[in-house]
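Chains as they are written, first to last, in the working numbering: chain A, 1 to 359; chain B, 1 to 289.
For reference, the structure discussed in these notes is given below.
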Amino acid sequence: MHLNRSHQTRRDRSAPRARRNALRLLAGILACMLLSAPGVALAQAAPRPLLNVSYDPTRELYQDINKVFAAQWKQKSGQPIAIQQSHGGSGKQARAVIDGLDADVVTLALAYDIDEIATKAKLLPADWQKRLPHNSSPYTSTIVFLVRKGNPKNIRDWNDLVRPGVSVITPNPKTSGGARWNYLAAWAYAVRQPGGSETKAREFVTQLFRNVPILDSGARGSLTTFAERGVGDVFVSWENEALLAVKELGPRKFEIVAPSLSILAEPPVALVDRNADRKGTRAAAQAYLEFLYTLEVQEIIARNHYRPIDKVVAAKYSKEFPALEMVTIDEAFGGWGKAQATHFADGGVFDQIYTPGRH
Amino acid sequence: MMRAAALDGSLVARVPPTVAHRALPGFGLTMGYTLLCLGLVVLLPLSALFLKTATLTWHQFWQTVTAPRVVASYQLTFGVSLLAATINLFAGTLVVWVLVRYPFPGKRLVDALVDLPFALPTAVAGIALTALYAPTGWIGAPLAELGIKVAFTPLGILVALVFIGLPFVIRTVQPVLQDLDREYEEAAISLGASRWQAIRKVVLPTLAPAIFAGYVLALSRAVGEYGSVIFIAGNMPFVSEITPLLILTKLEQYDYAGATAIAVVMLLISFVLILAINLLQRRQSRRGQ
Numbered sequence: 001m002h003l004n005r006s007h008q009t010r011r012d013r014s015a016p017r018a019r020r021n022a023l024r025l026l027a028g029i030l031a032c033m034l035l036s037a038p039g040v041a042l043a044q045a046a047p048r049p050l051l052n053v054s055y056d057p058t059r060e061l062y063q064d065i066n067k068v069f070a071a072q073w074k075q076k077s078g079q080p081i082a083i084q085q086s087h088g089g090s091g092k093q094a095r096a097v098i099d100g101l102d103a104d105v106v107t108l109a110l111a112y113d114i115d116e117i118a119t120k121a122k123l124l125p126a127d128w129q130k131r132l133p134h135n136s137s138p139y140t141s142t143i144v145f146l147v148r149k150g151n152p153k154n155i156r157d158w159n160d161l162v163r164p165g166v167s168v169i170t171p172n173p174k175t176s177g178g179a180r181w182n183y184l185a186a187w188a189y190a191v192r193q194p195g196g197s198e199t200k201a202r203e204f205v206t207q208l209f210r211n212v213p214i215l216d217s218g219a220r221g222s223l224t225t226f227a228e229r230g231v232g233d234v235f236v237s238w239e240n241e242a243l244l245a246v247k248e249l250g251p252r253k254f255e256i257v258a259p260s261l262s263i264l265a266e267p268p269v270a271l272v273d274r275n276a277d278r279k280g281t282r283a284a285a286q287a288y289l290e291f292l293y294t295l296e297v298q299e300i301i302a303r304n305h306y307r308p309i310d311k312v313v314a315a316k317y318s319k320e321f322p323a324l325e326m327v328t329i330d331e332a333f334g335g336w337g338k339a340q341a342t343h344f345a346d347g348g349v350f351d352q353i354y355t356p357g358r359h
Numbered sequence: 001m002m003r004a005a006a007l008d009g010s011l012v013a014r015v016p017p018t019v020a021h022r023a024l025p026g027f028g029l030t031m032g033y034t035l036l037c038l039g040l041v042v043l044l045p046l047s048a049l050f051l052k053t054a055t056l057t058w059h060q061f062w063q064t065v066t067a068p069r070v071v072a073s074y075q076l077t078f079g080v081s082l083l084a085a086t087i088n089l090f091a092g093t094l095v096v097w098v099l100v101r102y103p104f105p106g107k108r109l110v111d112a113l114v115d116l117p118f119a120l121p122t123a124v125a126g127i128a129l130t131a132l133y134a135p136t137g138w139i140g141a142p143l144a145e146l147g148i149k150v151a152f153t154p155l156g157i158l159v160a161l162v163f164i165g166l167p168f169v170i171r172t173v174q175p176v177l178q179d180l181d182r183e184y185e186e187a188a189i190s191l192g193a194s195r196w197q198a199i200r201k202v203v204l205p206t207l208a209p210a211i212f213a214g215y216v217l218a219l220s221r222a223v224g225e226y227g228s229v230i231f232i233a234g235n236m237p238f239v240s241e242i243t244p245l246l247i248l249t250k251l252e253q254y255d256y257a258g259a260t261a262i263a264v265v266m267l268l269i270s271f272v273l274i275l276a277i278n279l280l281q282r283r284q285s286r287r288g289q
């Protein structure tokens with residue numbers, strides 16, 4: 001046998017081996033790919049569904065909206081359409097889109113996150129927020145206080161939160177979009193008090209955060225800490241989350257207090273042009289976003305505890321959404337980019353609150 | 001036949017002796033697969049980590065990884081992880097001893113319970129522990145009356161890390177103790193050793209490598225743990241903020257390079273720590289011989 005082998009020339013022996021080696025390599029790559037295959041296979045399925053990448057508390061809202069939109073779209077275009085939803089922390093969702101998640105539309109908690117998608121990944125133009133009415137925000141919300149039934153600590157306004165002995169629950173502004181609204185609302189209040197200034201506001205939020213015993217990373221975590229764990233006297237919250245909490249966890253346990261001044265939270269929506277064009281879904285995605293401004297959807301929005309843009313619908317639900325003075329991020333802070341850089345970037349005002357020596 | 005093959009120069013040149021002489025077939029395929037998968041699964045992400053960090057200047061890197069808040073988080077993360085792994089070392093070895101050496105009703109059930117921290121999603125573990133140890137919880141409420149706060153303090157982090165690390169020590173030590181022949185102990189005792197001497201001189205030296213291996217596993221797991229800790233920690237800067245949370249905070253601000261810089265430092269500290277433990281263990285076992 002070995003005689004036979006040793007008489008073969010180098011060439012005819014090495015050719016099959018090279019092929020065999022190539023096959024081995026191929027087998028290895030295939031085996032590795034098999035492990036990650038399910039995602040790939042799903043993405044190939046036709047017809048292409050719309051993917052709406054959103055933030056945490058909008059799960060129920062978009063479930064309701066998607067049902068209605070799918071029915072209407074089929075009637076109008078004769079084609080069925082499926083809409084997939086993805087939810088998570090607003091910043092995390094934006095990062096996923098930047099890293100390649102195939103979102104046709106993004107509906108996030110703050111404009112800053114969509115700005116990052118525009119600047120970092122160039123998936124949509126920088127002036128995206130001008131493309132739809134009302135700063136591209138089909139619904140708004142604001143920041144209110146959730147307190148325990150009977151309001152035992154008599155919390156009426158922001159200045160009650162800095163009183164000694166009041167324990168305040170809010171998530172960490174570094175990791176939570178909602179918490180950034182909380183922080184900015186407190187700041188805006190302090191600036192607008194008689195004799196208020198930037199320095200005064202800084203002292204005010206420093207004192208406020210000294211009353212915060214736990215910094216959860218997201219709004220839902222904080223709600224759990226406040227509602228289930230019984231920690232804290234007041235939870236600074238999105239209005240829609242507070243209304244939902246009272247509805248779900250019982251009006252006998254909590255009540256909502258609206259402060260004298262708050263901030264107008266505008267969670268914006270945007271078409272992700274490059275993704276939609278690549279997938280050929282632009283028409284449907286654009287129609288989906290415009291659909292959010294129709295009377296029908298404004299009604300759904302109000303029922304899900306977000307403040308509708310439409311005046312008629314807003315009037316109808318005025319009992320649930322009391323009128324209160326609200327500043328906007330643009331007039332009080334010069335837009336998200338500036339607010340982020342001044343307050344929440346590393347070494348910014350919020351970090352200085354937690355610099356040793358200031359405790 | 002081998003000799004003939006060796007004499008044939010061309011054949012030797014083509015087939016390296018190590019491959020030609022291997023008794024077990026399939027070396028090329030399995031080794032190729034191993035290297036490819038290791039490369040794709042481990043080396044590629046790791047090198048991406050270092051590449052991303054390299055976009056920082058030395059000054060920026062140093063500023064990021066030595067910021068007071070970051071340093072405080074290293075101390076917390078590694079301090080509590082070492083403590084938790086040490087508790088697991090003793091508690092785990094004890095559990096193994098009971099599980100292997102004593103027959104008792106429900107033993108299989110207890111044995112299965114050990115794997116629970118492996119199987120449970122860590123977030124679920126974190127939420128369950130927080131519910132138990134919070135001031136309103138079953139354990140937290142009586143402790144609160146004694147003035148002890150567990151949830152939302154570093155003590156809470158310790159509880160979570162002990163929970164997730166326990167099975168590592170148990171599952172590495174258990175098979176070794178099972179395989180340990182009791183005749184060695186009996187021989188030692190019949191030669192005049194006391195029960196304690198038999199354990200100290202015969203059983204423990206045999207178990208030591210496994211115990212240390214379990215210790216290192218529990219430690220590495222604790223250092224990187226995020227899911228279970230985040231719910232129970234309270235996450236207060238300088239008090240109960242773990243390093244993985246700071247990494248996430250950096251990501252939340254789209255500061256990828258800052259995040260990977262802290263991760264690289266964590267990796268280096270872990271590496272040095274594990275290396276030191278291994279050296280210590282080797283010296284210990286050499287002295288034992």
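Note that beta-carbon positions come from the ideal geometry of N, C-alpha and C, so glycine has one too.
Paired residues, beta bridge with residue i - DSSP
i, result
"A:THR142", "A:LEU264"
"A:PRO308", "A:TYR139"
"A:THR107", "A:SER54, A:VAL269"
"A:HIS87", "A:SER54"
Residues of its chain near residue i, where Cβ-Cβ distance is below 6 Å and the 5 sequence neighbours each way are ignored
i, result
"B:PHE61", "ALA261"
"A:VAL327", "ALA188, ILE263"
"B:ILE232", "GLY126, LEU129, THR130, ALA151, GLY156, ALA160"
"B:ALA210", "THR172, VAL173, VAL176"
"B:ALA188", "ALA198, VAL202"
"B:GLY258", "THR64, LYS250"
"B:LEU217", "PHE168"
Continuous alpha helix (DSSP H) stretch holding residue i: start and end
i, result
"A:PHE235", "Careful: A:PHE235 lies outside any alpha helix (DSSP H), inside the beta strand (DSSP E) at 234-238."
"A:GLU198", "198-210"
"B:ALA141", "140-145"
"B:LEU109", "107-113"
"A:GLN79", "Careful: A:GLN79 lies outside any alpha helix (DSSP H) and carries neither H nor E."
"B:MET31", "27-38"
"B:TYR184", "182-190"
"A:ARG282", "282-291"
"A:HIS343", "Note, A:HIS343: premise wrong, no alpha helix (DSSP H); not H, not E."
"B:PRO154", "154-179"
"B:SER220", "204-224"
"A:VAL191", "177-191"
"A:SER318", "Run containing A:SER318: none; DSSP gives neither H nor E here."
Endpoints, the beta strand (DSSP E) within which residue i is located
i, result
"A:GLU325", "325-327"
"A:GLU255", "254-257"
"A:ILE214", "Careful: A:ILE214 lies outside any beta strand (DSSP E) and carries neither H nor E."
C-alpha distance - residue i paired with residue j, whole-angstrom precision
i, j, result
"B:LEU40", "B:THR57", "28 Å"
"B:GLY224", "B:PRO244", "7 Å"
"B:ASN278", "B:PHE212", "8 Å"
"B:VAL229", "A:THR206", "26 Å"
"A:VAL312", "A:ARG252", "31 Å"
"A:PRO49", "A:GLN85", "10 Å"
"A:ILE143", "A:LYS319", "17 Å"
"B:SER220", "B:ILE127", "22 Å"
"A:ASN172", "B:ILE87", "31 Å"
"B:GLY140", "B:ALA134", "5 Å"
"B:VAL239", "B:LEU246", "13 Å"
"B:SER285", "B:TYR254", "47 Å"
"B:THR153", "B:ASN235", "8 Å"
"A:ILE329", "A:VAL97", "24 Å"
"A:PRO267", "A:LEU132", "13 Å"
"A:ALA109", "A:ILE65", "17 Å"
"B:SER73", "B:LEU83", "15 Å"
"A:THR448", "A:ASN52", "No answer is possible for residue 448 of chain A: it lies beyond the span of chain A, which begins at 1 and ends at 359."
8 Å Cβ shell around residue i - same chain, five flanking residues per side excluded
i, result
"A:LEU42", "Residue confidence for A:LEU42 is low, a pLDDT of 45 falling below 50, so the modelled location carries little weight and cannot support an answer."
"A:ALA432", "For residue 432 of chain A there is no data in the structure shown, the boundaries of chain A being 1 and 359."
Same chain, Cβ closer than 7 Å to residue i, five either side skipped, listed in chain order
i, result
"B:GLY92", "LEU166, VAL169, ILE170, VAL173, GLY214"
"A:GLY196", "ALA190"
"B:PHE50", "VAL264"
"A:ALA284", "LEU50, TRP73, ILE81"
"A:ALA245", "LEU146, LEU223, ALA227, PHE254"
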